[in-house]
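Beneath this line is the structure, given in structure tokens, with notes to follow.
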Amino acid sequence: MQFDNEARVFFSAKSENESFARLFAAGFLTQLDPTISELTDVKTAVSEAVTNAIIHGYENQTGMVELFCGYAGNHIYIEVADKGKGIENVEQAREPLYTSKPEMERSGMGFTIMETFMEHVRIESKVGEGTRIFMEKTLAKE
Amino acid sequence: MELKFKRKNKTLIIQISGEIDHHTSTELRRQTESALEQMGGRNIIFGFQEVTFMDSSGIGVMIGRYKQIQSLGGRIAIACPNEKVEEIIRLSGLSRLLPSFPTLNEAIAYAEGRESDAV
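As they're listed, the protein sequences go chains V and W. So the first sequence is numbered by the working numbering: it starts at 1 and just counts up by one. So the second sequence is numbered by the working numbering: it starts at 1001 and just counts up by one.
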């Protein structure tokens, strides 16, 4: 894939870095002059993916999360990856309200929100190796 | 994220400002539980006027508080959410359990079971 511009960052799987990840994605994509609503959609989807990496991928243990942002024209690409435990059943994880951690008061809405706020979401996951989430969205051009 | 607590009749009003995510939701949960214990109240209203961002972690906290308040026979409501917060609540299918109101007064009226007073 050839991007017009791209940026990649790695950060510790700490909940403090969730807001950093949102700001990184929003700051990079501001170059495309998105609407506030589009920017909030991307920030929310990034927040959900990064939170999943921290809580489910690494289960709050040490690890690094990778965040990639790129665009070609007005089409944006986001990837969030971890090298954590991986998802055993991706289809089940995508179901609305499904959570493997109800004791942590998780709503089970993470993937549903990613799929609603972005146009395309693809999940690659291998148990014991980690998870990579690919998200795409086309920004409206005036 | 900053929280301000106020008790009005049987309702605990929690004004939230800033961002609600997995990181800040831990504090939101802890402080809400502590305020319920210290200030009392049968109902909870989350004031969202100054919330700039919320992801599904916020929904998790509110479901948890809904269960707690329901056991006391109370109600829970959200006041002044922005469009995106409303969309997240709607997506979670919880609009009926966690109703949203455009003003704090309407949310208080609902929580106290006098919806007809809310103007």
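Every residue gets a Cβ at the ideal spot worked out from N, C-alpha and C, and that includes glycine. Please read all numbers here as calculations on a predicted model, not as lab measurements.
C-beta atoms of SER1057/W and SER1025/W nearer than 7 Å:
As a working mapping, residue 1057/W is identified with position 57 in the second sequence. As a working mapping, residue 1025/W is identified with position 25 in the second sequence. Taking 7 Å as the Cβ cut-off, SER1057/W and SER1025/W qualify as a contacting pair.
Any 3 or more C-beta pairs closer than 8 Å across the stretch 1079-1099 of chain W and the stretch 1041-1053 of chain W:
yes
Enumerate in chain order the residues of its own chain whose CB-to-CB distance from PHE1101/W is below 8 Å, with the five nearest sequence positions on each side excluded.
In the second sequence, the residue the question calls residue 1101/W occupies position 101. Only ALA1077, ILE1078, ALA1079, CYS1080, ALA1107, TYR1110 and ALA1118 meet the Cβ criterion.
LEU1104/W CB to nearest chain V CB: under 7 Å?
On the second sequence, position 104 is the one that residue 1104/W refers to. Not one chain V Cβ lies under 7 Å of LEU1104/W.
Which partner residues of HIS120/V appear in the DSSP bridge assignment?
Along the first sequence, one-based indexing puts residue 120/V at 120. In DSSP, HIS120/V forms a bridge with GLU136/V.
In terms of residues, what are the limits of the beta strand (DSSP E) holding THR62/V?
Along the first sequence, read from residue 1 onward, the residue named residue 62/V stands at position 62. Careful: THR62/V lies outside any beta strand (DSSP E) and carries neither H nor E.
Cβ contact check for the stretch 36-47 of chain V and the stretch 7-23 of chain V: 3 or more pairs under 8 Å
yes
Identified DSSP bridge partners for GLN1015/W:
Taking the second sequence and counting its residues from 1, the one referred to as residue 1015/W is at position 15. DSSP output for GLN1015/W lists LYS1004/W and GLY1047/W as bridge partner(s).
Helix, strand or coil at TYR1110/W [DSSP, three-state]
Position 110 of the second sequence, counting from 1, holds the residue named residue 1110/W. Looking at TYR1110/W - three-state DSSP - the assignment turns out to be helix.
Indicate the three-state DSSP secondary structure (helix, strand or coil) for ASP41/V in the structure shown.
Here residue 41/V is taken as the residue at index 41 of the first sequence, counted from 1. ASP41/V falls in the helix class under three-state DSSP.
Hey, ASP1002/W and GLY1018/W: beta-carbon distance below 7 Å or not?
The sequence position of residue 1002/W within the second sequence is 2, counting from 1. The sequence position of residue 1018/W within the second sequence is 18, counting from 1. Per the sequence shown, the amino acid found at residue 1002/W is Glu instead of Asp. Yes, the Cβ-Cβ distance between GLU1002/W and GLY1018/W is below 7 Å.
Should the stretch 110-118 of chain V be called in touch with the stretch 1081-1094 of chain W, which here means at least 3 C-beta pairs below 8 Å?
yes
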